[in-house]
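Following: one structure in structure tokens, then a few remarks.
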Amino acid sequence: MEPVRVVLAGAHGHGWWHLDNLRRLSEAGLVELAGVCDVRPVDDLPAGVEFTGDGDLDGLIQRVRAEVTILCTPIHTHADLAERALRAGSHLLLEKPPAATYAGYERIAAAVRETGLACQVGFQSLGSAAIPAIRKMVADGVIGQVTGVGAAGAWERPYSYYGRVPWAGRREIDGVPVVDGVLTNPLAHATATALAVSGAEVADVRVELYRANDIEADDTSCARVRLNDGTTVTVAVSLCADRRHEPYLIVHGTTGRIRLTYTEDRVEFAGTSTVYPRTDLLENLVAHVRRGAELLVPLERTAGFMRVLEAVRLAPAPRRIPDLFQEIGDERRVLPRIAEVTAASAQRLALYSELRVPWTRDLPGVADTGGAGGMGGAGGAGGARSPRPVLLAHGRPVAEYVVAPEVPRTSSPRPYLHPVRTLGGTVVTEVAPADHVHHLGAGIAISDLGGSNFWGGRTYVRDRGPAWLGDHGTQRHLGFSWRDDSGFGASLAWEGPDGTEIAREERTVRAVELNGCWALDVSFTLTNLTGRPLPVRSSATKGRAGAGYGGFFWRAPGSAPERRVLTRDAEGEDAVHGSTAPWLAMTSPEWTLLFLQPPAPGGGGPRPEADGVAAFSGGGIDPWFVRVTDYPGVGPALAWETPLLVGDTLTRRVVTVVVDGPLDRAGAAALAAEVPW
-6 MEPVRVVLAG AHGHGWWHLD NLRRLSEAGL VELAGVCDVR PVDDLPAGVE FTGDGDLDGL
54 IQRVRAEVTI LCTPIHTHAD LAERALRAGS HLLLEKPPAA TYAGYERIAA AVRETGLACQ
114 VGFQSLGSAA IPAIRKMVAD GVIGQVTGVG AAGAWERPYS YYGRVPWAGR REIDGVPVVD
174 GVLTNPLAHA TATALAVSGA EVADVRVELY RANDIEADDT SCARVRLNDG TTVTVAVSLC
234 ADRRHEPYLI VHGTTGRIRL TYTEDRVEFA GTSTVYPRTD LLENLVAHVR RGAELLVPLE
294 RTAGFMRVLE AVRLAPAPRR IPDLFQEIGD ERRVLPRIAE VTAASAQRLA LYSELRVPWT
354 RDLPGVADTG GAGGMGGAGG AGGARSPRPV LLAHGRPVAE YVVAPEVPRT SSPRPYLHPV
414 RTLGGTVVTE VAPADHVHHL GAGIAISDLG GSNFWGGRTY VRDRGPAWLG DHGTQRHLGF
474 SWRDDSGFGA SLAWEGPDGT EIAREERTVR AVELNGCWAL DVSFTLTNLT GRPLPVRSSA
534 TKGRAGAGYG GFFWRAPGSA PERRVLTRDA EGEDAVHGST APWLAMTSPE WTLLFLQPPA
594 PGGGGPRPEA DGVAAFSGGG IDPWFVRVTD YPGVGPALAW ETPLLVGDTL TRRVVTVVVD
654 GPLDRAGAAA LAAEVPW
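Right, here's the structure in full:
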């Protein structure tokens, strides 16, 4: 069978799963990845795969003659892009939910009818053989007459989950429906699977929407769906559990019950437990295109789910669960015993209010506190917290901290600051530019820490050059020690490619108000967990002259002709690169960034060892790593020419003054002298 040519629209986030699946099916000879469409660059695509970042999905489909398009983009883009893909002549694998509105669903359905092409919806649980098995058991009367179906799911999600993308936890953006709530997206399979087991059409929907987190959408909700055959389906779900509890549904009958844990394809009945096989939905779509196999999840099979989504969309805003009913930590909010509550709903086919859960009632003296979707800083421990910290200076938002970015492993995932702005609103950071997709705003990145790549991209190998080694590490956000509008303290785990934690970091980030401008003050202490000296290396230490990058790094925007870089005594990339000047300024017509290295907590400086390897306890002025011509980037280099050995800890501090407009040398020197460090 000739491989089916496939285009993937949306290769980040869940799109990575599709890329892995495409690799698997390519090796099996079933598909050929012909093109990728994404607004952000995608690293390390196979040779011959066409990439477009300009949104021209239909043009890409036609150029590469794609037979199937996988659509894995934000919910509110589904209807438009699905219709474009179908009308461009491509079958479709459409991620769930199919659309953000029932009207959008009907638009896609019309395009399917008019083009005669297939649209498979990515409810993977509906590819399980467990569902027809349960339906046959019901038809055979093994539990008597069905009296209802109850579904329950309780997962945990950290604050960072809602800060990973702009549409996370939103009901709408600029008036455009998104409907990214627990019922309609992360635990949407609970509803879809319950309706698939029932098989009847939806007659009526009632929903109760609640939220513990400071978001617009629901994170703890339930629904009662009445079907046209008289069956009642209830769904009770939450993202505020203490841990992940596998979601399941119970089919209630007059003489027995059937339980399906749909994430495991496990059916339990009368003391027996059977795990059923599951068919990959892309494989099924390929079989449909090539051999006419019946689709497992055709678009029309999701009409009932879309009725539930529409009820959620049209319902009043979710009700805020008061803080007194929550356990509020640095990483996430927990509703105590919520898994037991969802289980009770599935057992009794009851809504939260009917279970008399305390936070569903109006209580005297308890206010419905907390703003929906607020992105500003919050108070001390126990206060309402937004998922993505926003730093304020002079009352204006000047920087956002991305806690858990959606970037590929080859970009060495790590928290970063972006966008960072001048007081006038000009953005002075850049993320994932085409020239170096692993450059992520302003943050901490090390090209080689104990043999792991925490910089991203290829690793430089002596006498060989840059190479893909599969050695990429991850900086994982653990929690905030404090937060307010001026900044935060954060803990991070530095984990190697196998997940082993090799270092623990304490990071402090502050926005400091200055006269007519502001400064970003970043300090970090890295604690060695390996029990032996931990080497920091750069490409320069391995033979690539001048490539001493690693440490605090700022990727700026703009083109080469607009940029200048200067210090107190020199100007130009060649002159300032590698210097140890007390300050360094990068300027453009719209902005100036003035970098300084004040003493860090703990002080200290370089202590040359007998073997010529420098060991640092913190402090001192590191050589400046500077790029202007190829791209705009600045950062003090931890290991300029010689590896640095970290004994117990490594501490550094960098202050960046952010100014509207250009500064000359005299202006930069005067500002540097006035900064009160």
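If you count by our numbering, then the sequence shown holds residues -6 to 670, one letter each, in order.
Each residue gets a CB set at the ideal place from its N, CA and C atoms; glycine is no exception.
Quick caveat, the model's predicted, so the values are computed rather than measured.
Three-state secondary structure assigned by DSSP to residue i
i, result
"S479", "coil"
"V750", "Residue coverage of the chain in this structure runs from -6 to 670, which leaves residue 750 outside it and unanswerable."
"R283", "helix"
"A104", "helix"
"G322", "coil"
"E(-5)", "coil"
"G628", "strand"
"H411", "strand"
"W576", "strand"
"L433", "strand"
"S531", "coil"
"E566", "helix"
"D73", "helix"
"P240", "strand"
"W352", "helix"
"N521", "strand"
"S516", "strand"
"P291", "strand"
"S404", "helix"
"P390", "strand"
Rounded C-alpha distance that separates residue i from residue j
i, j, result
"P528", "G509", "41 Å"
"G418", "V391", "8 Å"
"V190", "F298", "12 Å"
"V420", "G52", "31 Å"
"W670", "A630", "21 Å"
"A210", "Y152", "14 Å"
"P526", "R557", "39 Å"
"R451", "I321", "40 Å"
"F538", "G660", "The residue asked about is misnamed: residue 538 is Ala in this sequence, not Phe. Near 32 Å, if we compare the C-alpha coordinates of G660 and A538."
"A607", "I208", "Summary for A607: the model assigns pLDDT 34, below 50, so the residue's position carries little reliability; its value from the coordinates is reported in the next sentence. Spanning the two alpha carbons is a distance of roughly 48 Å."
"T186", "G141", "14 Å"
"G192", "G264", "25 Å"
"G6", "V135", "42 Å"
"I63", "C112", "10 Å"
"S440", "H429", "14 Å"
"V619", "A533", "14 Å"
"V61", "G480", "46 Å"
"A460", "L38", "15 Å"
"E324", "L275", "36 Å"
"N206", "D477", "17 Å"
"G544", "H11", "33 Å"
Where the alpha helix (DSSP H) through residue i begins and ends
i, result
"F298", "A296 to L307"
"L232", "That residue, L232, is in no alpha helix (DSSP H); it is neither H nor E in DSSP."
"R16", "G8 to E20"
"R557", "Careful: R557 lies outside any alpha helix (DSSP H), inside the beta strand (DSSP E) at R557 to T560."
"G52", "L50 to V57"
"H182", "A181 to S191"
Distance between beta carbons of residue j and residue i, contact taken as under 8 Å
i, j, result
"E423", "A549", "7 Å"
"R(-2)", "E25", "5 Å"
"L87", "A103", "Rounded, the Cβ-Cβ distance is 14 Å, inconsistent with contact."
"E201", "Y345", "6 Å"
"V195", "L220", "6 Å"
"A578", "L559", "5 Å"
"W584", "D491", "That belief does not hold up - the Cβ atoms of W584 and D491 are roughly 41 Å apart, past 8 Å."
"R100", "A72", "5 Å"
"N277", "G120", "7 Å"
"S572", "W617", "6 Å"
Residue i - containing beta strand (DSSP E), residue span
i, result
"P125", "That residue, P125, is in no beta strand (DSSP E); its alpha helix (DSSP H) goes A123 to A132."
"L64", "V61 to L64"
"H5", "From DSSP, H5 is part of no beta strand (DSSP E); its letter is neither H nor E."
"T496", "One point to set straight first is that residue 496 is Ala, not Thr, in the sequence displayed. Where A496 is concerned, the enclosing beta strand (DSSP E) stretches over E494 to L507."
"D653", "T642 to D653"
"A460", "G458 to A460"
"S445", "S445 to F447"
Touching by the beta-carbon criterion (3+ pairs, under 8 Å), the region 227 to 246 and the region 144 to 156: Touching, yes, given that three or more Cβ pairs across the two stretches are closer than 8 Å.
Segment contact flag, the region 33 to 42 with the region 288 to 303, C-beta cutoff 8 Å, min 3 pairs: Contact between the region 33 to 42 and the region 288 to 303 is absent, because fewer than three Cβ pairs lie under 8 Å.
Inter-stretch contact at 8 Å, needing at least 3 Cβ pairs: the region 101 to 121 / the region 305 to 320: No, the region 101 to 121 does not touch the region 305 to 320.
Cβ contact check for the region 398 to 411 and the region 464 to 473: 3 or more pairs under 8 Å: Contact between the region 398 to 411 and the region 464 to 473 is present, because at least three Cβ pairs lie under 8 Å.
Given 8 Å, three or more beta-carbon pairs between the region 258 to 275 and the region 162 to 172: Touching, no, given that fewer than three Cβ pairs across the two stretches are closer than 8 Å.
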